[in-house]
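Novice: Please find one structure pasted underneath; my questions will follow.
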Amino acid sequence: MPKHSLGKQRHSSGIPRAVIVGMPGAGKTRIGKEAAGLIGVPFRDSDRMVEREAALTIPEIFEREGEEAFRERERQVVHRLLTDFPDGLVALGGGAPMTSAVYEDLMGYRDAGGVVIYLDTDPEEAKARATRVENRPLLKGDAGGIQDGSNPQDRWMELYGKRRPVYESLADVTLSARGATAAVTARRLSDALSQRVVHVSGHEPYDVYIGAGVSNHLKELLGDETVRVALIHTGPVQRHADHARTLLRQAGYRVSDILIPDAEAGKTLGVAQGVWTRLAEEGFTRSDAVVGLGGGAATDLAGFIASTWMRGIRYVNCPTSLLAMVDASVGGKTGVNIPQGKNLVGSFHTPSGVLADLRTLRTLPNDIFVEGLGEVAKCGFIMDGKILTTLEEEADTLRAFRGDEPESWLESIAEDLIERTVEVKARHVSVDLKEAGIREFLNYGHTLGHAIEQVEHFRWRHGQAVSVGMVFAAELSRLTGHIDADLVDYHRRLLSSLGLRTTWDGGTYEQVLALMHRDKKARGDKLRFVILEGIGRPIHLDDPPEEAVHEAFRRIRSKGEEDR
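Read left to right, the sequence shown gives residues 1 to 564 (this note's numbering).
Right under this line is the structure:
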C-alpha cells in the first residue's frame, strides 16, 4: 500500500511532479520520457545531467575520479532537480537513492507534495538489458565493492537485493513494468500521475483511488497473502470484468468469476446464498478476498458477501458507474434487500480500498450517468457548495453526457466532482462508520427516495428517487420553518437542469408513510428525517408534525405544482 496519497501530486502550478526510481535496465529514461510526452510536462534524467556538467560519460567519471566523486556529483544534481526544478518527471540513476543525502532529499520532496514512483520490473529482463550496454560501471570489475569473479548479471542481482528495500521504502506507489511494453508502461505512468486519492480515516482506514487506470492498483490492495479472489460482477460490465480478471491472473491469483443479476435484482439473499455456495465449493478461506465490480448494487452485494464469509474477509470495490463511485462503494455499508424494504439486512465492513477507474464511465448509458448526479448534488446540499456551483455551470454538458466524450472532459469535470463528493462522504464516515450520528446526514433525500424505489419495484433508478426525495426534504424544511422558498425552488431548478426528476405521482401517502416508518433512521414509532437549515447545514428532524409531512408529500406530486 502506498504510504502517501497520490492526491497530493499536483503542484501549485497544476503540473504533476514525480521522481522515478528503479534498477538499471528497468526503462526509467525511456518510459519516463514517453510518459512526460503524453502528459505534456518536462522530463529530466539525472545521469544525463551529470554527464553534461562533467563533460564526461559516467564510465569515464568512474575511471578518472572514482565512485565517491561520481556520487557527490550525482548528489548535487539530484538536489537541484528536486529543489530548483520541482515540476515534471525526473528519472534518477539506479544507485542515487542509496546515498543518504539523496534519500533525505527524496523524503523532503515527498513531504512537499512530490511523488516517488518505483518502476519495478522483471529481474531477468532488466538485468539482460542492463548488461548489454557499456555505461554500467557497477556491473563491471569490482566497482562499488562488488567482488571480482562474479559475472555482470550476478552483480545486478546483488545490487537488486540491496536496493529494492530502499526503493520500496521511498515509493508512494510501485508501478510494475513486468510483461508490458514501454508504451503500455508509459501510459500507466501518465495515468498514475493524473490519479487522485481520498483517504478515509477511522478505525480501519483505506484509500479511494480516482482516475483513469486505477484498476492497476488491485494487487497493492489485495496483497501477497491472498490466494483466491472472487470477482463478483454483473453482465453489463463484462468488458471491465474481463480486464480485472486479466490483472488478477497476471498478479498470480486464482480467480473465481461470479456473475450476478444486474441492479437491485442482484441484491437479494437468494443471490447471496448462491455466491456463498460457490465460495464453499471452491475452498475460500479467511486469507482470500472478494472484488466487487459494477454499479452500486453489485458493490453492496460483494461487500455483504465479504463481511459474512467466515465472519469477514478482505474486499476491494471497483465501481463502474458514477453513482457507485460517489456513494455505494465508499463507506463500508453492505447489504441486501428483502421484500419489506431496501437495505434492511446488511453490515458495516470497510473495504481494503476503492478503485474508481474513470475509463468505465465511457461505457455508461446517459440515464445511468445522470442518475449518479443525484448523489453528487446531495453532497453539495449537505456540505460542499462548490459542488453545486460546478453542477450549475456544467449542467448542459453533464445532462448531455455521452460515453465517447474525450478524456479531457472526464478529467476536467467528472474527476473533480467525484473527488469532492467522495471527500464529503469520507468526512462523514471517518468519524461515524456505523451511522450513529452525523453519517445520517448522507441520507438527505433518502427517506422518501427509498420508499419510491420500493413502491416502484426498483424500476426507478436510485439517484432519480433521491432527487425527488431531496425536493420533499426541502419542502419539509420549509414547512417547519428552517429554510425559505428560494432554497426549495433552487433544488427544483438545479436538479431539473441536470436531467433529474423532481416530482413523483406513484403510490399513495399511506403506502409511503408505512415505508418511511421502516426507514433505518426511524426511532420506534417516530419518523426521523434529515433536513436543511441552509446549504451545508443539515440537521435531524425528529417526529415532525404529521400535517407537514403530508403537505410536503403533496408538493412533490406533479398535479399539485400549481397549488403550491
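We put the CB at the ideal spot given by N, CA and C, even for glycine.
Small disclaimer: the values here were computed from a predicted structure and weren't measured.
Tell me, please, which residues DSSP counts as bridged to residue 448.
Specialist: BP columns for residue 448 are empty, so no partner.
Novice: When we look at the beta-carbon of residue 184 and count the other beta-carbons within 10 Å, is it buried (16 or more) or exposed?
Specialist: Exposed, by the Cβ-count rule.
Novice: Tell me the DSSP bridge mates of residue 334?
Specialist: In DSSP, residue 334 forms a bridge with 347.
Novice: Considering only their Cβ atoms, is the gap separating residue 422 from residue 446 smaller than 9 Å?
Specialist: No; because the gap between Cβ atoms is not below 9 Å, this pair is not in contact.
Novice: Based on the DSSP secondary-structure assignment, which residues constitute the bridge partners of residue 234?
Specialist: Answer by DSSP bridge pairing, in chain order: 260.
Novice: Mind reading off the beta-carbon distance from residue 347 to residue 304? Whole number of angstroms is fine, and I expect it under 8 Å.
Specialist: Right, their Cβ atoms sit about 7 Å apart.
Novice: Using the beta-carbon count (16 or more within 10 Å), is residue 215 buried or exposed?
Specialist: Buried.
Novice: Which one or two residues does DSSP pair with residue 341 in a beta bridge?
Specialist: Looking at the DSSP assignment, residue 341 forms a beta bridge with 338.
Novice: Use the C-beta contact count for residue 310: other C-beta atoms within 10 angstroms, 16 or more gives buried, fewer gives exposed.
Specialist: So residue 310 ends up on the exposed side.
Novice: Can you tell me whether residue 18 is helix, strand or coil according to DSSP?
Specialist: Looking at residue 18 - three-state DSSP - the assignment turns out to be strand.
Novice: Residues in the same chain with beta-carbon distance under 6 Å from residue 420, minus the five sequence neighbours each way, listed in chain order, please.
Specialist: Contacts found: 384 and 387.
Novice: Which ranges would you report for the alpha helix (DSSP H) in the stretch 367-441 if only whole runs of at least 4 residues count?
Specialist: Fully enclosed alpha helix (DSSP H) runs of 4 or longer: 385-393, 395-399 and 415-431.
Novice: Rounded to the nearest angstrom, what separates residue 84 and residue 118 at their Cα positions?
Specialist: Going by the C-alpha atoms only, they are around 22 Å apart.
Novice: Tell me which residue opens and which closes the beta strand (DSSP E) that residue 44 is part of.
Specialist: Element bounds for residue 44: 43-45.
Novice: Where does residue 7 sit, in a helix, a strand or coil, going by DSSP?
Specialist: Unreliable placement is indicated for residue 7, whose pLDDT of 41 sits below 50; no coordinate value is reported for it.
Novice: So which of 345, 170 and 360 has the shortest CA-CA distance to residue 236?
Specialist: With distances taken between Cα atoms, residue 236 lies closest to 360.
Novice: In terms of residue numbering, what span does the beta strand (DSSP E) encompassing residue 176 cover?
Specialist: Where residue 176 is concerned, the enclosing beta strand (DSSP E) stretches over 173-176.
Novice: Take residue 102 and list the residues in its own chain whose beta-carbon comes closer than 6 Å to its own, dropping the five residues that flank it on each side.
Specialist: So the qualifying residues of the chain are 75, 78 and 96.
Novice: Cβ of residue 94 within 9 Å of Cβ of residue 163?
Specialist: Taking 9 Å as the Cβ cut-off, residue 94 and residue 163 qualify as a contacting pair.
Novice: Taking residue 217 as the reference, which of 248, 203, 425 and 23 has the closest Cα?
Specialist: If we check each option's Cα against that of residue 217, 248 comes out closest.
Novice: Using DSSP with H/G/I as helix, E/B as strand and the rest coil, what is residue 243?
Specialist: Of the three classes helix, strand and coil, the one that applies to residue 243 here is helix, per DSSP.
Novice: Taking its Cβ as the centre, do 16 or more other Cβ atoms sit within 10 Å of residue 558, making it buried, or is it exposed?
Specialist: Exposed is the call here.
Novice: Residue 175: which of 106, 318, 213 and 490 sits nearest, CA to CA?
Specialist: Checking every option, the nearest Cα to that of residue 175 belongs to 213.
Novice: Looking at residue 549 and residue 502, is the spacing between their C-beta atoms short of 9 Å?
Specialist: It is not a contact, given that the beta carbons lie outside the stated cut-off.
Novice: Quick one: what's got a C-beta closer than 7 Å to residue 546's C-beta in the same chain, skipping five residues either side?
Specialist: For residue 546, where only same-chain residues beyond five positions count, there are no Cβ hits under 7 Å.
Novice: Give a yes or no on contact between the stretch 225-245 and the stretch 189-207, applying the rule of three or more CB pairs nearer than 8 Å.
Specialist: They do not touch, by the three-pair rule.
Novice: Can you list, in chain order, the residues of its chain whose CB lies under 8 Å from that of residue 484, leaving out five sequence neighbours each side?
Specialist: 478.
Novice: Distance, Cα to Cα, residue 325 vs residue 56?
Specialist: C-alpha separation (whole angstroms): 52 Å.
Novice: Taking C-alpha atoms, which residue in 531, 454, 497 and 496 lies nearest to residue 481?
Specialist: Among 531, 454, 497 and 496, the Cα nearest to that of residue 481 belongs to 531.
Novice: Based on Cα-Cα distance, which residue from 82, 98, 123 and 161 lies nearest to residue 115?
Specialist: Looking at the Cα atoms, 82 is the closest of the given residues.
Novice: Please confirm whether residue 28 and residue 22 have their CB atoms less than 9 Å apart.
Specialist: Yes. Within cutoff.
Novice: In its own chain, which residues sit with a C-beta less than 6 Å from the C-beta of residue 267, not counting the 5 before and 5 after it?
Specialist: Cβ neighbours of residue 267 beyond the five flanking positions: 297, 300, 301, 336 and 337.
Novice: Could you tell me if residue 317 is buried or exposed, where buried requires 16 or more neighbouring beta carbons within 10 angstroms of its beta carbon?
Specialist: Classification of residue 317: buried, given that the 10 Å Cβ count is 16 or more.
Novice: Which complete alpha helix (DSSP H) runs does the stretch 482-552 hold, if anything under 4 residues is left out?
Specialist: Taking only runs of at least 4 residues, the alpha helix (DSSP H) segments lying wholly in the stretch 482-552 are 485-497 and 509-517.
Novice: Buried or exposed, going by whether 16 or more other CB atoms sit within 10 Å of the CB of residue 315?
Specialist: Label assigned to residue 315: buried.
Novice: Please check if any C-beta of chain C sits within less than 9 Å of the C-beta of residue 49.
Specialist: No chain C appears in this structure, which consists of one protein chain only.
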